[in-house]
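Protein chains: 2
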Amino acid sequence: MDYALMMSAYESRARASASRRLTQQDLLYESLRRAILDGDIGCGTRLASSRTLAEELDIARNSVLYAYERLVEEGFVTATRHGSIVNDVKATAARPSAQVEPRESAPRSLSRRVRELPPRRAPGSEAVALRPGVPALDAFPLAQWRTALERAMREVEASELGYGDSAGLPALRQAIAQYVRVSRGVRCQPDQVFITDGTQTSLDLCAHFFADEGERVWIENPGYLGARVAMLTAGLSLVPIPVDAAGMAAREEHWRDTPPRLVYLTPSHQYPLGCVLSLERRLALIERARACGAWIIEDDYDSELRHDGPPLPSIQGLADDTPVIYLGTFSKTLFPALRIGFMIVPRQIVTQMETAHRTLVRQGRVAEQRALADFIESGRYARHLRRMRKLYLARRDGLVAAIEKHLAGLMTVSADAGGMHLSVRLDAPVDDVAVSEAARAHGLALSPLSAYCLRGLAESGTAPYNGFLLGYAEATPEASDALMQTLAEVVKAMIEATVECEV
Amino acid sequence: MDYALMMSAYESRARASASRRLTQQDLLYESLRRAILDGDIGCGTRLASSRTLAEELDIARNSVLYAYERLVEEGFVTATRHGSIVNDVKATAARPSAQVEPRESAPRSLSRRVRELPPRRAPGSEAVALRPGVPALDAFPLAQWRTALERAMREVEASELGYGDSAGLPALRQAIAQYVRVSRGVRCQPDQVFITDGTQTSLDLCAHFFADEGERVWIENPGYLGARVAMLTAGLSLVPIPVDAAGMAAREEHWRDTPPRLVYLTPSHQYPLGCVLSLERRLALIERARACGAWIIEDDYDSELRHDGPPLPSIQGLADDTPVIYLGTFSKTLFPALRIGFMIVPRQIVTQMETAHRTLVRQGRVAEQRALADFIESGRYARHLRRMRKLYLARRDGLVAAIEKHLAGLMTVSADAGGMHLSVRLDAPVDDVAVSEAARAHGLALSPLSAYCLRGLAESGTAPYNGFLLGYAEATPEASDALMQTLAEVVKAMIEATVECEV
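Quick look at the structure:
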């Protein structure tokens, strides 16, 4: 038994842990535990008596007793009549039977299904201008929201700190149902509304709840990456459907050869191209989905922000009992960090949904939900939306004007119906990914359209997309002017470089 | 063209919508849209002129113009020189080609994988006594938390309302890393900590991130239902492993015949039985998992609440670079509605995790995260835990005494090491599910142990579990005394009924 070893273990640990402010007893316990695990204090060693060690280390004897007791409790040490003996923790661990063929040690990496997902780029702190999907955060009435939240916090009772109704706070479900009935023509009762923490979660739930592994999901091509990720993660088989000026353009052979279980689309404002699904196609989609037992996922992420007249009413509300799961979010109309979205499911599966949702989802966050319900019902939500529509309209006009001024002949606005972004086509012979990389150094976060396409699009005979999705929510007209001037310089420099190369 | 029809559509809609306070123009638009969709106003109908209709309905002409314009924009009506003509929206929809064999119309239900999950029971509002998993909510320092949250809210800047770092707020990751290093012996840096909205979400992520469809996951049997649900939803294959007094008891044939990709367990306080995984098994598990390339998911849900000395340190921290994903939550130590938990991943996969997590998860909720970081760092968290340990110890002792007083010979406490619940065995010849059903009417929410077993356990030669998991966090000793008296009466009545049946 070696005091010196125990002391040095203790002292080196004491130095290493100086900043952690451990008690003497915890420090001693930890230093001995580590020394035993690392083999520095070997199996069979008899530890110093508590009295001796306390004297040597100049700490209270109770601290030593505590540390020893804990080591005994945890199986590191056995208390015997002859003192505290260190157990053979190494041998215990390394006892793989000879019969067992250890499997080829797997690479230490994530699952194949996750590694194969299209990765989302890390947000560059240097380049944020024109990023899509983020509303005008500095125009958000933060003080008003704080007040609403503080009031809601004061109303929270202890009993509401537990797990809440997994479908969400009844008051919020009611407020949302009423709101979407009027604003989006959605036909629903509050019990059809399920609160989630945003569209990504809604999509994950849809992919698991409404389809089994290997079943087909139609997605728009180009389309929203987040949806693709959710569908792939759930093991579904993606069927890319082309998009034209009237939205997702399913052909007869799609229905015949690859009938879907799920159809995911953004009918009000196609992401990323910006077109609107025509009424004709909406009605046809309902009929065909009904005929083949498919569900339609209608992602209505920013329809409240239309600039040119009211949006088309939702597919969900075009008939009674449509096979539609309607997804909404407050990330665009309020702010993303709120993390509240919702899904509205058909009447006939409400009971099944309640069970499944309760089984898979934990809910809480009563104050936030109540503050939001209050925000909607008091009309502050609608008022905020009116302000934002005006603001975004001005910003869109500013961006369009800047493009026409600086990029005439190089870039054309191809869709700008609403929301917070527009879609532009590159007319110059340069590649959108290359341009976006070059523009990043100038602070521009351009989203190349080609990145939203599923590989294989070009082979399918459709012209490849070459352009950008430009988010203007945060860009004042003055900022847009400067940004488009910069972008024009970037594009022109690239064209010149190309020409020089060819020469 | 039929004024009467248009007027009746408008008027019936006006009555139906009286409570919705629609504007006249929205009301008119909506009534015409519905009438066209329902076929009440047929294809080819010429709508009344705006002037005439305005006079007939006694509303502003601009309202009529607005409604007509919107119907035109949305494709319901075509504006011609001869007036507004209703389009053939029905025909458009019902044009399924004759070649298409409509698939057998699928049943309108959720996916098979979700229907097959073990359902979680709806919380009965009448019976909440002794429910497990919910802390003593009325002992939570709600006012202190409100203050922390309000302070954090005041510090939130507009730029923080967007999508946050998907791994979580750096300050919170740092506070958690520091805390678990000291309290749980976890070896980690802040970048290994990923914030989630609770353990259910952590489990969903683990199941998808660390295993592919069809791969094997070992689960404790009996075990935590939420974990089983997450694994099944991710398409994994469950291998139930028996549990004895020293925790999950994997045998040689388990390793040989069904080597795992994932091992899920609750080593500090087995759920539901309450035992602790021995140090010997912990060390063996690390070695074996390393040898066969498996990941260990260490769900450490309530280890901070040990009553009899400090808990065993985490498996994660028993060696460097263990193949362990450590899961923690604030649902038990603070309150469930907070919806904040975390996962700590091995060093070598941090970069991969960052990419995958960013791709699949959206984060926000800056104020809540900052308030929590502050709560931990200021020591208020540790102080709260100390208070709760004392409270729960007293409540556990109260419940144990009440069981011994009222249920001697009928029920035995089989594990009560810590946390907020204990595990009891029924010694009487009655069925735990039947008892829990009968007790429900008396306000007791007993969780029968047999419900935590995977079917097939009995056939495997292991004795079936017959008993309960009793949550005492909310039960004062006085309440426990009354509840156990009631339970004794319920059990005795059932025994008598059984005897009478047999006679």
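As given, the protein sequences belong to chains A and B, one line each in that order. Counting in this note's numbering, the first sequence runs from 2 upward without gaps. Counting in this note's numbering, the second sequence runs from 2 upward without gaps. The beta-carbon is built from N, C-alpha and C at its ideal position, and this holds for glycine as well.
Within the 7 Å Cβ cut-off, does residue i reach chain A?
i	result
G199 (chain B)	yes
A459 (chain B)	At A459 (chain B), the pLDDT of 47 sits below 50, so the modelled position is not reliable and the matter cannot be decided from this model.
S279 (chain B)	yes
L1 (chain B)	The requested residue 1 (chain B) does not occur in the structure, where chain B is confined to residues 2 to 504.
V230 (chain B)	yes
Q353 (chain B)	yes
Would you kindly work out how many angstroms separate the C-alpha atoms of residue i and residue j, rounded to a whole number?
i	j	result
V267 (chain A)	L386 (chain A)	Residue identity check: residue 267 (chain A) is Thr in the sequence provided, not Val. Computed Cα separation, rounded: 20 Å.
G40 (chain A)	V90 (chain A)	9 Å
R252 (chain B)	R282 (chain B)	11 Å
M485 (chain A)	E497 (chain A)	18 Å
R291 (chain B)	W256 (chain B)	12 Å
A429 (chain B)	S279 (chain B)	30 Å
A476 (chain B)	T487 (chain B)	14 Å
V434 (chain B)	S451 (chain B)	7 Å
F336 (chain A)	T259 (chain B)	47 Å
A295 (chain B)	L284 (chain B)	14 Å
A61 (chain B)	A55 (chain B)	6 Å
L394 (chain B)	I404 (chain B)	15 Å
E74 (chain B)	F343 (chain A)	28 Å
A247 (chain A)	P314 (chain A)	15 Å
F195 (chain A)	S332 (chain A)	16 Å
R155 (chain A)	R147 (chain B)	8 Å
A402 (chain A)	L339 (chain A)	33 Å
R182 (chain B)	K493 (chain B)	49 Å
R96 (chain A)	L173 (chain B)	Confidence at R96 (chain A) is low in this model, with a pLDDT of 42, below 50, so its placement is unreliable and the value that follows should be read with caution. For R96 (chain A) and L173 (chain B), the distance between alpha carbons rounds to 39 Å.
Which residues in chain B have a C-beta closer than 7 Å to the C-beta of residue i? List them in chain order.
i	result
P311 (chain A)	R71
D139 (chain A)	A159
V115 (chain A)	H209, F210, A357
List the residues of chain B whose Cβ lies closer than 9 Å to the Cβ of residue i, in chain order.
i	result
P120 (chain A)	T356, A357, R359, T360
E151 (chain A)	R147, L150, E151, M154
Y164 (chain A)	P124, G134, V135, S332, P337, A338
E74 (chain A)	D309, G310, P311, L313
Output yes if chain B places a C-beta closer than 7 Å to the C-beta of residue i; else output no.
i	result
V325 (chain A)	no
A498 (chain A)	no
P268 (chain A)	no
Q26 (chain A)	no
Verify the CB distance criterion: does residue i have a CB-CB separation below 7 Å to chain C?
i	result
D89 (chain A)	Here the protein chains are A and B, and chain C is not one of them.
Please work out which residues of its chain come closer than 6 Å, Cβ to Cβ, to residue i, disregarding the five sequence neighbours upstream and downstream, and give them in chain order.
i	result
M495 (chain A)	V431
S304 (chain B)	S269, P312
L48 (chain B)	S85
Y272 (chain B)	Y225
Anything in chain A within Cβ reach of residue i, meaning under 9 Å, just list it in chain order.
i	result
Y265 (chain B)	Ordered by position in chain A, no residue passes the 9 Å Cβ test against Y265 (chain B), which lies about 15 Å from the chain.
I350 (chain B)	R109, S110, L111
Which residues in chain A sit within 7 Å of residue i, going by Cβ to Cβ distance?
i	result
L339 (chain B)	G365
F343 (chain B)	What F343 (chain B) touches in chain A: nothing, since even the nearest Cβ is about 15 Å away.
If I measure Cβ to Cβ from residue i and keep anything under 8 Å in the same chain, skipping five residues before and after, which residues do I get?
i	result
T93 (chain A)	Low confidence applies to T93 (chain A): its pLDDT is 48, below 50, so where it sits in the model is not reliable, and the reading given next is rough at best. Counting only Cβ-Cβ distances below 8 Å, and skipping sequence neighbours, we find nothing.
S50 (chain B)	G84
G76 (chain A)	N88, V90
Which chain A residues sit within Cβ distance under 8 Å of residue i?
i	result
L319 (chain B)	L38
L143 (chain B)	V157, A159, L162
Got a sec? Which residues, its chain only, sit under 7 Å from residue i by beta carbon, not counting five neighbours each side?
i	result
F210 (chain A)	A357
A176 (chain A)	A374, I377, E378
Please list, in chain order, the chain B residues whose beta carbon lies closer than 8 Å to that of residue i.
i	result
F469 (chain A)	By Cβ distance, chain B contributes nothing, its closest Cβ being about 20 Å from F469 (chain A), past 8 Å.
*Note down, in chain order, all residues in the segment 189 to 219 of chain B with a beta-carbon under 7 Å from any beta-carbon belonging to chain A.*
D198, G199, Q201, H209, F210, F211, A212, D213, E214
*Listed in chain order, which residues of the segment 39 to 53 of chain A have Cβ atoms closer than 7 Å to some Cβ of chain B?*
none
*Any residues in the segment 235 to 249 of chain A with a beta carbon nearer than 7 Å to a beta carbon of chain B? Which ones, in chain order?*
G236
*Between the segment 429 to 456 of chain B and chain A, which residues of the former have CB atoms less than 7 Å from a CB of the latter, in chain order?*
none
*Of the residues that make up the segment 374 to 399 of chain B, which ones have a beta carbon closer than 8 Å to any beta carbon in chain A?*
none
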